[in-house]
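Here the structure is laid out as structure tokens; the discussion comes afterwards.
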Amino acid sequence: MAYIVEIKNIGMNYQSPNGEIPAIADISLDISRGEFICVVGASGCGKSTLLSIIAGLLKPSHGSIIINGNDITNTSMKVGYMLQKDYLFEWRSILQNVMLGLEIRKTLKSENKEYVYHLLKTYGLYEFKDKYPSQLSGGMRQRAALIRTLVLKPDILLLDEALSALDYQTRLAVAEDIYSIIKKENKTAILVTHDISESISMADRVVVLTNRPAYIKSIHTIELSCDIRTPFRSREAPEFRHYFNTIWKELDVHV
Amino acid sequence: MSKPKEINTSIERLEYLKARKVKRISIILTQVLILIVFLVLWEICARLQIIDSFITSQPSRIVSTIINLYDEGQLFVHITVTCWETIVGFVLGTISGTLIAVILWWSEFLSKVLEPYLVILNSLPKIALGPIFIVWFGAGTTSIIVIALAISLIVTILEVLNGFVATDEEQIKLVKTFGANRFQIFTKVVFPANLLVIINSLKINVGLSWVGVIVGEFLVSKAGLGYLIVYGGQVFQLDLVMASVVILCIAAGLMYQAVLLLERLIVKKT
Chain A
1 MAYIVEIKNI GMNYQSPNGE IPAIADISLD ISRGEFICVV GASGCGKSTL LSIIAGLLKP
61 SHGSIIINGN DITNTSMKVG YMLQKDYLFE WRSILQNVML GLEIRKTLKS ENKEYVYHLL
121 KTYGLYEFKD KYPSQLSGGM RQRAALIRTL VLKPDILLLD EALSALDYQT RLAVAEDIYS
181 IIKKENKTAI LVTHDISESI SMADRVVVLT NRPAYIKSIH TIELSCDIRT PFRSREAPEF
241 RHYFNTIWKE LDVHV
Chain B
1 MSKPKEINTS IERLEYLKAR KVKRISIILT QVLILIVFLV LWEICARLQI IDSFITSQPS
61 RIVSTIINLY DEGQLFVHIT VTCWETIVGF VLGTISGTLI AVILWWSEFL SKVLEPYLVI
121 LNSLPKIALG PIFIVWFGAG TTSIIVIALA ISLIVTILEV LNGFVATDEE QIKLVKTFGA
181 NRFQIFTKVV FPANLLVIIN SLKINVGLSW VGVIVGEFLV SKAGLGYLIV YGGQVFQLDL
241 VMASVVILCI AAGLMYQAVL LLERLIVKKT
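For the protein sequence lines, the chains are A and B, in the order given.
Okay, so the first sequence: first residue is 1 according to my numbering, each after it adds one.
Okay, so the second sequence: first residue is 1 according to my numbering, each after it adds one.
Here is the structure:
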């Protein structure tokens, strides 16, 4: 079976007046359709850089990204990106916010608008479509941000610490929420996080990166013995602790 | 404990609202009182010849001067001339300043190249350029407007450009992930995010434009409030000077309120 995303020998150096900063040494990874990948690593290890490269926002120093068999040199229609915060624009209503991507891609056709309404209805934001972001709770805002990405019908979702701006309880709830939406819409997802529990609770595979310059230290296929896999139930699975301890040791955190 | 809570809070609420109202009214009353006391004292001192009303003028003579101007049909001519020059000055200053800021935001190279020139122009007292403008644009309205424009233009460019450059990088990254080009980044993010900055510099420009126009009218003009002030000073008619200053106060105050109203309209709309 062909992979949906192929990361081939990616390396990245940042240039600055003070010198060259190697962010990523060499990373290769193949991702199958529908897979949920979590990338964990210490802060500043180049996780976000990796996502920016996959999204086509950054040009890597070497290596290539192949999505659906095509080389990526620019931002791709197939890829949706979720940033650390929701970044809903305060001067736009929720409806205008979720349509932002369609506006920019000039694809505000009626069938796409239908899809927007459909998503808003499915995920309980339809009554709030004319409200402004400040009138919504943190969880609802995050959901609006996810819908803003989903209306573009991406095959692959990149989530860059997408939950880290939320407080712990909202975060658990939103993780549940986003996980079920991603699974329901059958998307491939790459979530970058520094939260080990979060990564185990959501991922099919957890990729552990080393400190900068990053390469892949290990990949763990997460197999939990619970009937219905949701982030919350995953945390109760007996294997959870074992995975946590292994990854924790591998991250080798020194305070 | 059996008392209904709502009645309790509503009495508290009423007291709070009443206290607020009393406070607000007492502030307004005191403000009005200060003005009345000042005017009455001025009038009394002038009548009892404690102060020389030839030099200080006096409220009753200011009022009769304004009435005279009105009877001669001169009052609104002068007000219109000055207000028009001011409005053109700050509107042009804000619009052209914003446009130049857009160009400089677009081309980082150009903005880096022009930076030292802008800094020097900004620190230069623009009024010093008055005589040059008069030579270039003639002794008339155009020169006055150009002086007003010169005062507000550079500040606007710097202020708005600062706002543009300081736009949240992550918000820009967001629209980039949608594949936005530079024009879309500007219209969808940078401009709306800085609308308040632009309105703010419009507000500042109103004040600056008044300065430019009055100074311009001091230098060259045959009409306007600045002209009346200079003329009154030259013929030692302090009544006319004071009357013009009073009218100026009122006109400037009203114009500022109008801009605040405009701001509220725009902010509400977005």
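Idealized CB from N, CA, C, for every residue including glycine.
Note that the coordinates shown come from a computational prediction; the quantities given were computed from them, not determined experimentally.
Taking residue i as the query, report the chain B residues whose CB atoms sit under 8 Å from its CB, ordered along the chain.
| i | result |
| --- | --- |
| Leu-157/A | By Cβ distance, chain B contributes nothing, its closest Cβ being about 11 Å from Leu-157/A, past 8 Å. |
| Tyr-87/A | Asp-168, Glu-170, Gln-171, Leu-174 |
| Ala-55/A | Thr-177 |
| Thr-75/A | Lys-176, Thr-177, Phe-178, Gly-179 |
| Trp-248/A | The premise fails here: Trp-248/A is roughly 29 Å from chain B at the closest Cβ pair, so nothing lies under 8 Å. |
Residues of chain B with a CB under 7 Å from the CB of residue i: which are they?
| i | result |
| --- | --- |
| Gly-101/A | Phe-178 |
| Arg-105/A | Phe-178, Gly-179 |
| Tyr-81/A | Thr-177 |
Among the candidates the options, whose CA atom is the shortest distance from the CA of residue i?
| i | options | result |
| --- | --- | --- |
| Asn-333/A | Thr-221/A, Ile-21/A, Arg-233/A | Nothing about residue 333/A can be read from this structure; chain A reaches only from 1 to 255. |
| Leu-69/B | Ile-157/B, Ile-247/B, Asn-200/B | Ile-247/B |
| Ser-143/B | Gln-184/B, Val-235/B, Leu-110/B, Val-215/B | Val-215/B |
| Ile-53/A | Leu-88/A, Gln-142/A, Glu-239/A, Asp-160/A | Asp-160/A |
| Phe-236/B | Thr-56/B, Leu-75/B, Ile-34/B | Thr-56/B |
| Ile-204/B | Glu-159/B, Val-113/B, Asp-168/B, Cys-83/B | Glu-159/B |
| Gln-84/A | Glu-170/B, Gln-184/B, Thr-177/B | Glu-170/B |
| Leu-104/B | Ile-157/B, Phe-137/B, Ser-123/B, Pro-125/B | Ile-157/B |
| Arg-233/A | Val-207/A, Glu-198/A, Leu-251/A | Glu-198/A |
| Glu-85/B | Val-245/B, Ala-243/B, Thr-65/B, Ala-223/B | Ala-223/B |
| Phe-191/B | Gln-49/B, Val-165/B, Phe-178/B, Ser-10/B | Val-165/B |
| Ser-164/A | Ser-218/A, Val-206/A, Met-82/A, Phe-244/A | Met-82/A |
| Arg-61/B | Asn-181/B, Thr-98/B, Lys-18/B, Leu-240/B | Leu-240/B |
| Ile-190/A | Ser-28/A, Cys-38/A, Asn-9/A, Asn-18/A | Cys-38/A |
| Ile-134/B | Ile-50/B, Ser-221/B, Val-259/B | Ser-221/B |
| Leu-260/B | Leu-174/B, Gly-212/B, Leu-196/B, Met-242/B | Leu-196/B |
| Val-175/B | Asp-86/A, Glu-250/A, Gly-139/A | Asp-86/A |
| Ile-178/A | Asp-155/A, Asp-195/A, Met-140/A | Met-140/A |
| Leu-157/A | Gln-142/A, Lys-78/A, His-118/A | Lys-78/A |
| Thr-177/B | Leu-166/A, Leu-102/A, Val-192/A, Ser-201/A | Leu-102/A |
| Ser-244/B | Gln-184/B, Ile-147/B, Glu-217/B, Val-40/B | Glu-217/B |
| Leu-125/A | Lys-106/A, Leu-108/A, Leu-146/A | Leu-146/A |
| Gly-207/B | Ile-151/B, Thr-141/B, Leu-110/B, Leu-99/B | Ile-151/B |
Give me the DSSP bridge partner(s) of residue i.
| i | result |
| --- | --- |
| His-62/A | Gly-11/A |
| Ile-37/A | Ile-190/A, Arg-205/A |
| Tyr-81/A | Leu-158/A |
| Glu-20/A | Gln-15/A |
| Glu-31/A | With the sequence shown as reference, residue 31/A is identified as Ile, and Glu is not the correct amino acid for it. Answer is Val-5/A. |
| Asn-70/A | Ile-67/A |
| Asp-26/A | Tyr-215/A |
Using C-beta distances below 6 Å, list every residue in its chain close to residue i, excluding the 5 sequence neighbours before and after it, in chain order.
| i | result |
| --- | --- |
| Glu-263/B | Ile-199 |
| Ser-2/B | Note that Ser-2/B scores 47 on pLDDT, short of 50, meaning its location in the model is unreliable; the coordinates nonetheless yield the value given after this. Same-chain partners within the cutoff: there are none. |
| Glu-239/A | Leu-224 |
| Gln-15/A | none |
Kindly list the residues whose CB is nearer than 7 Å to the CB of residue i, restricted to its own chain and excluding five residues on each side of it in sequence; keep chain order.
| i | result |
| --- | --- |
| Gly-34/A | Asn-186, Thr-188 |
| Arg-20/B | none |
| Ala-46/B | Ser-53, Thr-56, Gln-58 |
| Trp-42/B | Gln-58, Pro-59 |
| Tyr-3/A | Asp-30, Ile-31, Ser-32 |
For residue i, is the beta carbon positioned less than 7 Å from some heavy atom of the ligand GTP?
| i | result |
| --- | --- |
| Tyr-123/A | Absent from the structure shown: the ligand GTP. Ligands present: none. |
Give me the chain A residues within the contact set of residue i, using Cβ-Cβ distance strictly less than 8 Å, ordered along the chain.
| i | result |
| --- | --- |
| Lys-112/B | By Cβ distance, chain A contributes nothing, its closest Cβ being about 15 Å from Lys-112/B, past 8 Å. |
| Gln-184/B | Ile-104 |
Go through its chain and collect everything with a Cβ distance to residue i's Cβ below 8 Å, but skip five positions before and after it.
| i | result |
| --- | --- |
| Ala-237/A | Leu-224, Ser-225, Cys-226 |
| Pro-60/A | Ile-10, Gly-11, Met-12, Ile-24, Ile-53 |
| Asn-245/A | none |
| Tyr-215/A | Ile-24, Ala-25, Asp-26, Ile-27, Leu-209 |
| Gln-135/A | Phe-128 |
At a CB-CB cut-off below 7 Å, which residues of chain A make contact with residue i?
| i | result |
| --- | --- |
| Gln-234/B | Neighbours of Gln-234/B on chain A: none; closest Cβ ~52 Å, over 7 Å. |
If the cut is a Cβ gap below 9 Å, which residues of chain A does residue i touch?
| i | result |
| --- | --- |
| Lys-268/B | Neighbours of Lys-268/B on chain A: none; closest Cβ ~11 Å, over 9 Å. |
For chain E, is any of its Cβ atoms less than 8 Å away from the one on residue i?
| i | result |
| --- | --- |
| Lys-188/B | Looking at the structure shown, chain E is missing, and the protein chains on hand are A and B. |
Point to revise | Completely contained beta strand (DSSP E) runs for the stretch 172-239 of chain A, where each covers 3 or more residues | key: Fully enclosed beta strand (DSSP E) runs of 3 or longer: 188-193, 205-209, 214-221.
**Study point:** Those runs of the alpha helix (DSSP H) which lie wholly inside the stretch 109-155 of chain B and span at least 4 residues
**Key:** Correct list: 130-137.
**Study point:** Unbroken stretches of the alpha helix (DSSP H), 4 residues or longer, contained in the stretch 21-94 of chain B
**Key:** Scanning the stretch 21-94 of chain B from its first residue to its last, the whole alpha helix (DSSP H) runs of 4-plus residues come out as 53-56, 59-71.
Exercise for review: Kindly provide the ranges of any alpha helix (DSSP H) runs that are 4 or more residues long and lie completely inside the stretch 159-242 of chain B, ordered along the chain.
Suggested key: Residue ranges of uninterrupted alpha helix (DSSP H) with 4 or more members, entirely inside the stretch 159-242 of chain B and ordered along the chain, are 169-177, 182-185, 195-219, 225-234.
Review point. Where in the stretch 82-106 of chain A do unbroken runs of the alpha helix (DSSP H), each at least 4 residues long, occur, reported from the N-terminal end onward?
Key: Complete alpha helix (DSSP H) runs here, min 4: 94-98, 100-104.
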